[in-house]
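Let me begin by presenting the structure, written as structure tokens, before commenting on it.
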Amino acid sequence: MSGANRLEISGTVAELRGLRHTPAGIPVVEFRIRHESELEHAGAPRKVNVELEAIALETLARLVAGSEPGRKVKAEGFLCARSRRSRKPVLHVTHIEFE
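Residues 0 to 98, numbered by numbering that gives the first Met the number 0, are exactly what the sequence shown covers, in order.
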């Protein structure tokens, strides 16, 4: 099965956990992105407010770890379940920009 799985989101860093390493030695950091905007949906304005868990690996992990909560961010990546036991979606970041 194949299909599109790409997400782009802008917002602020809501929470930032410390840099850690996987058992294989790969740097990883988990963080949350808060997005707030107003969009039109079904012909009416709608306030959008969401927080999304995200994870970055290797070079991106080091870049994110050097950031701080409240900083503006634009991230791109794909959604994947947190684990086999938790089907909660997590954004796996493949590109990130900070303002």
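Beta carbons are placed, not taken as given, at the ideal position from N, Cα and C, and that holds for glycine.
Q: Per DSSP, which residues does Ile8 bridge with? Please list them.
A: Ala74
Q | Own chain partners of Ala64 with C-beta closer than 6 Å, once the 5 adjacent residues on each side are dropped | A | Leu18 and Val28
**Q.** First and last residue of the uninterrupted alpha helix (DSSP H) at Leu59
**A.** Glu57 to Ala64
Q | His34 beta carbon near the ligand ZN (any heavy atom closer than 8 Å) | A | The ligand ZN is not among the ligands present in this structure, which contains no ligands whatsoever.
Q | Stretch pair the segment 52–70 + the segment 34–43: three plus CB contacts closer than 8 Å | A | no
Q: Check whether the Cβ atoms of Val12 and Arg70 sit closer than 9 Å, and answer yes or no.
A: yes
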